[in-house]
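Chemist: Each number in our numbering corresponds to the 1-based position in the sequence shown with 37 added. Where a beta carbon is used, it is the ideal one built from N, C-alpha and C, also for glycine. Have a look at this one.
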Amino acid sequence: MAEPSLSEVLDQSWSLLMQRRSDALDRTITLSTVDESEQPQACLVVLRDVKPSLAEIEFHTDAESLKVHSLVKNPKAQILLWRSDLSLQLRIDVLVDCHHGERVTDHWKQVPEHSRIAYGKAPPTGAVLSSPFAYKTLSAAKNFMIARCYVQKIDVLNLDGAHWRAQFLKSDHWTGRWVSP
Ligand SMILES: Cc1cc2nc3c(=O)[nH]c(=O)nc-3n(C[C@H](O)[C@H](O)[C@H](O)COP(=O)(O)O)c2cc1C
38 MAEPSLSEVL DQSWSLLMQR RSDALDRTIT LSTVDESEQP QACLVVLRDV KPSLAEIEFH
98 TDAESLKVHS LVKNPKAQIL LWRSDLSLQL RIDVLVDCHH GERVTDHWKQ VPEHSRIAYG
158 KAPPTGAVLS SPFAYKTLSA AKNFMIARCY VQKIDVLNLD GAHWRAQFLK SDHWTGRWVS
218 P
């Protein structure tokens, strides 16, 4: 992009998310939450769904994970995506709503057997162990959680050629504005 328009940048941001969602080699995004002691916690999660028209992003997680405990108290999170080939960073503010139990039963049925081990551990994920493998996988439907992320803001930083930065806010109906990089 020589001199992009705001609408092109917004469209490109959603395209990049869609591309990551279907990238055979890397479908991850970095998710940052803030835990109960106000410690930021960043981790990788697999990008499961992207809905540009609804401004929604989805990932799956274990109901007993620290991030879920954190999100129940504070639903604010940030998603980070870096495209080294484009020298482009996306920082996406979201509000996260976690769904589990009967509301996600149909979805659970579609989770492949080998992926189910990510949901439910004994002792639970994060518990201290006496040795590396002193735990069992439960593949428990009750631990399967769909985290729906409602996008509130997208911050785009381009470092390819002349640097530029743009921000788009839901509260501003995604009109967008240029920001000094
Ligand atoms: C490549 C990769 C993909 C991951 N995908 C997920 C995921 O989709 N969901 C998830 O909850 N954790 C995923 N994890 C594990 C998290 O990064 C994190 O270590 C784990 O969820 C524990 O987080 P907690 O501190 O919130 O309990 C992934 C880790 C890696 C390295």
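1. Whole angstroms are fine: how far does the CA of L117 sit from the CA of T212?
2. What is the DSSP secondary structure of D72, reduced to helix, strand or coil?
3. Looking at ligand 1, does it come within less than 7 Å of L81, judged from the CB to the closest heavy atom?
4. In three-state terms, what does DSSP make of R185?
5. Rank S208, L43, S44 and D197 by C-alpha distance to the C-alpha of Q126 and give the top, closest one.
6. Could you check if V188 is buried or exposed, using at least 16 other CB atoms within 10 Å of its CB as the buried criterion?
7. Are there 16 or more other CB atoms within 10 angstroms of the CB of S50, so buried, or fewer, so exposed?
8. Per DSSP, V131 forms a beta bridge with which residues?
9. How would you write the range of the beta strand (DSSP E) that E45 sits in, first residue to last?
10. Which residue's Cα is closest to the Cα of P169: P160, L175 and P149?
Modeler: Reading it off the structure:
1. Locating residue 212 in the sequence shown gives position 175, counting from the first residue. Locating residue 117 in the sequence shown gives position 80, counting from the first residue. C-alpha separation (whole angstroms): 21 Å.
2. As a position in the sequence shown, residue 72 is number 35, starting the count at 1. Coil at D72, not helix or strand.
3. Here residue 81 corresponds to residue number 44 of the sequence shown, with the count starting at 1. L81: yes, Cβ under 7 Å from ligand 1.
4. The residue given as residue 185 occupies position 148 in the sequence shown. If DSSP states are grouped into helix, strand and coil, R185 belongs with the strands.
5. Position 89 of the sequence shown, counting from 1, holds the residue named residue 126. Out of S208, L43, S44 and D197, D197 has the C-alpha closest to the C-alpha of Q126.
6. Here residue 188 is taken as the residue at index 151 of the sequence shown, counted from 1. The C-beta of V188 has 16 or more other C-beta atoms within 10 Å across all chains shown, which makes the residue buried.
7. Position 13 of the sequence shown, counting from 1, holds the residue named residue 50. Residue environment analysis places S50 among the buried positions, since at least 16 neighbouring C-beta atoms fall within 10 angstroms of its C-beta.
8. Counted from its first residue, the sequence shown places residue 131 at position 94. Per DSSP, A114 and V188.
9. As a working note, residue 45 is residue 8 in the sequence shown. Note, E45: premise wrong, no beta strand (DSSP E); alpha helix (DSSP H) at L43 to R58.
10. Within the sequence shown, residue 169 is the residue found at index 132, counting from 1. Ranking P160, L175 and P149 by Cα distance to P169 puts P160 first.
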